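Q:
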Amino acid sequence: MINIDKITKKPLAVQVAGLNPSDDNIEFIGIPATQQVFWMRNGNSLPFECLPLTIFQNCQEQYLNDEIALKELSALPISQDRQVEMYIYHLYGDVDATPDIIDGVLQPSENFRDTPNCSSIQWKSKWITIDGVVMTPRDLTIIDCIKNDLPNKAIAAKLGITPSTLDFHIRNLFKKVNVPTRTALIVKALNQHV
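So the sequence shown is residues 1300 to 1493, counted in this note's numbering.
(1) What ranges does the alpha helix (DSSP H) occupy inside the region 1366–1452, keeping only unbroken runs of at least 4 residues that lie completely in it?
(2) Let's test the definition: count the other Cβ atoms within 10 Å of the Cβ of G1317 and tell me whether it reaches 16, buried, or not, exposed.
(3) Taking the straight line between their C-alpha atoms, what separation do you get for I1354 and L1372?
(4) Count the other CB atoms within 10 Å of the CB of M1300; is the residue buried (16 or more) or exposed (fewer)?
(5) Out of curiosity, what's the CA-to-CA distance linking A1374 and L1449?
(6) Return the bridge partner residues of E1326 from the DSSP annotation.
(7) Tell me which residue opens and which closes the alpha helix (DSSP H) that Q1359 is part of.
(8) Mark F1347 as exposed unless 16 or more other C-beta atoms lie within 10 angstroms of its C-beta, in which case mark it buried.
(9) Tell me the residue span of the alpha helix (DSSP H) that contains N1319.
(10) Could you check if L1489 is buried or exposed, using at least 16 other CB atoms within 10 Å of its CB as the buried criterion?
(11) Determine the extent of the alpha helix (DSSP H) in which A1488 is found, giving its start and end residues.
(12) Less than 7 Å between C-beta atoms, sequence neighbours within five positions excluded: which residues of the same chain meet that for I1445?
(13) Between the alpha carbons of D1402 and N1319, how many angstroms are there, rounded?
(14) Is the shortest distance between the beta-carbon of I1485 and the beta-carbons of chain B less than 7 Å?
(15) What first and last residue would you give for the alpha helix (DSSP H) that runs through N1471?
(16) In or out: E1409 buried (at least 16 other Cβ within 10 Å) or exposed?
(17) Buried or exposed for V1404, going by 16 or more other Cβ atoms inside 10 Å?
(18) Tell me whether the beta-carbon of I1469 lies closer than 7 Å to the beta-carbon of K1423.
(19) Which partner residues of L1345 appear in the DSSP bridge assignment?
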């Protein structure tokens, strides 16, 4: 029997957060070439320096409470305001349908990495997740290597471990994200922007 509902129902269009004129939440938009941030609310896009003061202060407070991010970004020859902007870029740089600030509250970081080995994955406020499970930097390295179709021997060499130890880590990673194969792991990782 043919299921007419499946044929006639159209998938819902996904809309970028903050794009709707009645959407009072905020979506950050990262510019990779400069690591600058724009933000969108009520259908308007503005530069980071035009962020409402209370929202900026919330971002700044979270930045100042992340010792690892603070140590890394404060070493750069830039103002603290620019450090906060770069911090936000690394946490929320991807444009998506989920607002980064809802009712004035910063949401958990996005599955966004500027580069595969982005140092922000070490920050205490940065979480890359699959199905809500936080991936460790080692998990992400393994996933990236599998994405690049590296054999286990090459992945083990890159991590400085034996192939049998790598097999143990891969089995644990499969359990962690509830997948049976390398292919299923990569499909799930790609679907969740890892």
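For glycine and all other residues, C-beta sits at the position ideal for the given N, C-alpha and C. All figures in this text were calculated on a predicted structure; none of them were measured in a lab.
A: The short version:
(1) 1366–1373, 1379–1391, 1436–1446
(2) Within the sequence shown, numbered from 1, the residue matching residue 1317 stands at position 18. It is buried - the Cβ of G1317 has at least 16 other Cβ atoms within 10 Å.
(3) Looking up residue 1354 in the sequence shown gives position 55. Looking up residue 1372 in the sequence shown gives position 73. Going by the C-alpha atoms only, they are around 20 Å apart.
(4) In the sequence shown, the residue the question calls residue 1300 occupies position 1. Residue placement at M1300 is poorly supported in this model, since its pLDDT is 42, which falls under 50; the coordinates are not used for a value here.
(5) For the purposes of this step, residue 1374 is taken as the residue at position 75 of the sequence shown. For the purposes of this step, residue 1449 is taken as the residue at position 150 of the sequence shown. Between the C-alpha atoms of A1374 and L1449 there is a straight-line separation of about 35 Å.
(6) Within the sequence shown, the letter at position 27 stands for residue 1326. Its beta-bridge partners are M1339.
(7) Taking the sequence shown and counting its residues from 1, the one referred to as residue 1359 is at position 60. Segment 1352–1363, the alpha helix (DSSP H) holding Q1359.
(8) In the sequence shown, counting from the first residue as 1, residue 1347 sits at position 48. Burial call: buried.
(9) By one-based count along the sequence shown, residue 1319 stands at place 20. N1319 -> no alpha helix (DSSP H), and no H or E assigned at all.
(10) Start at 1 with the first residue of the sequence shown, and residue 1489 comes out as number 190. The residue in question, L1489, is exposed, as its Cβ has fewer than 16 Cβ neighbours within 10 Å.
(11) Position 189 of the sequence shown holds residue 1488. 1481–1490 is the extent of the alpha helix (DSSP H) around A1488.
(12) The count along the sequence shown starts at 1 and reaches residue 1445 at position 146. The answer, listed in chain order, is R1481, L1484, I1485.
(13) Position 103 of the sequence shown, counting from 1, holds the residue named residue 1402. Position 20 of the sequence shown, counting from 1, holds the residue named residue 1319. Each residue's Cα considered, the two are about 15 Å apart.
(14) The displayed structure is made up of one protein chain only, and chain B is not part of it.
(15) Within the sequence shown, the letter at position 172 stands for residue 1471. First-last of the alpha helix (DSSP H) with N1471: 1462–1476.
(16) Working through the sequence shown from its first residue, we reach residue 1409 at position 110. By the 10 Å Cβ count, E1409 comes out buried.
(17) For this step, residue 1404 is matched to residue 105 along the sequence shown. Exposed.
(18) Position 170 of the sequence shown, counted from the first residue, corresponds to residue 1469. Position 124 of the sequence shown, counted from the first residue, corresponds to residue 1423. Their beta carbons are not under 7 Å apart, which means I1469 does not touch K1423 by this criterion.
(19) Locating residue 1345 in the sequence shown gives position 46, where the first residue counts as 1. Looking at the DSSP assignment, L1345 forms a beta bridge with W1338.
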